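Line by line, the protein sequences are chains C and S. Sequential numbering of the first sequence, starting at 1, is according to our numbering. Sequential numbering of the second sequence, starting at 1, is according to our numbering. Every residue gets a Cβ at the ideal spot worked out from N, C-alpha and C, and that includes glycine. Computed from a predicted model, the values in this text were never measured in an experiment. Heads up: the structure comes next, in structure tokens.
Protein chains: 2
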Amino acid sequence: MSVMEIQPAVIETEVFRALADPTRRAVLERLGNGEQTVTELRSGFAVSQPAISQHLAALRRAGLVSERRAGRHVYYRADPAGIAPLIGWIERYQSFWRERMDRLKDVLQEMDE
Amino acid sequence: MSVMEIQPAVIETEVFRALADPTRRAVLERLGNGEQTVTELRSGFAVSQPAISQHLAALRRAGLVSERRAGRHVYYRADPAGIAPLIGWIERYQSFWRERMDRLKDVLQEMDE
DNA sequence: CCGACATATAAGTACATGCTTATGGATTGG
DNA sequence: CCAATCCATAAGCATGTACTTATATGTCGG
Chain C
1 MSVMEIQPAV IETEVFRALA DPTRRAVLER LGNGEQTVTE LRSGFAVSQP
51 AISQHLAALR RAGLVSERRA GRHVYYRADP AGIAPLIGWI ERYQSFWRER
101 MDRLKDVLQE MDE
Chain S
1 MSVMEIQPAV IETEVFRALA DPTRRAVLER LGNGEQTVTE LRSGFAVSQP
51 AISQHLAALR RAGLVSERRA GRHVYYRADP AGIAPLIGWI ERYQSFWRER
101 MDRLKDVLQE MDE
């Protein structure tokens, strides 16, 4: 099966919308370095704890993060599968973005070396 | 130079925001099949001409489309370079999106065959 | 020229969003 | 236990967004 599974456009929209907010992208970046609790995430951001929780809820709806509950702590982590819709979208438009994708391929190649 | 040039985060935000709207993505898809005027684009969408113009303005701000003026017509077309910030973002998070990127690489490989 | 056309912009409106403070439910440590 | 901690949710507010209609600007055809 292709990297692009059957994904209703609504999910694509959720992912793009989730990533459209700079704070949310920053939260996701933090989670890329390993799972963190809401309280841990809160440090370093100039927003309240509920704001962080709301951002996490949005990221979760988009499938970009998942959670692990342990007592009163909730550990969030980035879900690599979450960007599949993004990649699927790029793939769908490959015909006219082909040139760009070739460049991406070069980048990926460089990463292997 | 890498596929990711120096791109302030604000441009990333513009691109994600532009693509977060389904109508705008559909407009972009249409433009992928070749340049079209605003009036041509209007057909097939259930929104007014100003709405189309506003979507095009958003796509233009994000660098996803460019225009060519010819008399009273304005031909819009998708700009392949516009998704560079998107790819740049994926590249920056390669450390934890690595697994997904490998799958993307497979897809790109398949495209070559 | 000038009316019709192509497009952009302005102004208004309904709804979405991102934040806040307040509060509620669950869990833990002492 | 129970007060403190962790987190989510509710409610409210300011701002942003996507649309509309109305209008302005520019260009063409006859």
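What are the partner residues of S/HIS73, as DSSP defines its beta bridges?
-> Per DSSP, the beta bridge partners of S/HIS73 are S/ALA70.
Could you give the distance in angstroms between the alpha-carbon of S/MET111 and the alpha-carbon of C/TYR75?
-> Residue confidence is low: S/MET111 scores 46 on pLDDT, short of 50, so the model does not pin down where it sits. No coordinate-derived value is stated.
Taking the C-alpha atoms as reference points, what is the distance between S/ASP21 and S/LEU64?
-> So the alpha carbons of these two residues sit roughly 13 Å apart.
Kindly indicate if chain S contains any beta-carbon less than 8 Å away from that of C/TYR76.
-> C/TYR76 does not count as touching chain S.
With a 10 Å radius around its C-beta and 16 neighbouring C-beta atoms as the bar for buried, classify C/ALA9 as buried or exposed.
-> It is exposed - the Cβ of C/ALA9 has fewer than 16 other Cβ atoms within 10 Å.
Spatial neighbours of S/ARG61 within its chain, please: CB distance less than 8 Å, with the 5 preceding and 5 following residues excluded, ordered by chain position.
-> Correct list, in chain order: GLU14 and ALA18.
Check the Cβ-Cβ distances between C/GLY44 and every residue of chain S, and say whether any is below 8 Å.
-> In terms of beta-carbon proximity, C/GLY44 stays away from the interface with chain S, with every pair separated by 8 Å or more.
Is there a Cβ from chain S that is less than 8 Å from the Cβ of C/PHE16?
-> Judged by the 8 Å Cβ criterion, C/PHE16 is in contact with chain S.
Cut-off 8 Å between Cβ atoms - residues of its own chain near S/GLY32, not counting five sequence neighbours on either side | Leaving aside the five residues that flank S/GLY32 on each side, the residues in its chain whose CB is nearer than 8 Å to its CB run, in chain order, ALA78.
Quick one: what's got a C-beta closer than 6 Å to C/ALA135's C-beta in the same chain, skipping five residues either side?
-> With chain C covering 1 to 113 only, the question about residue 135 of chain C has no answer from this structure.
S/TRP89 vs S/GLU12 beta-carbon contact at 8 Å | Result yes, Cβ atoms of S/TRP89 and S/GLU12 sit closer than 8 Å.
Separation of S/ARG72 from C/MET1, as counted between CA atoms = At C/MET1 the pLDDT is 48, less than 50, meaning the model places this residue with poor confidence and gives no usable figure here.
For the alpha helix (DSSP H) containing C/ILE83, list its first residue and its last residue.
-> Here C/ILE83 belongs to no alpha helix (DSSP H), and DSSP marks it neither H nor E.
Run of the alpha helix (DSSP H) containing C/GLU40, from where it starts to where it stops | Per DSSP, the continuous alpha helix (DSSP H) segment holding C/GLU40 begins and ends at 38-42.
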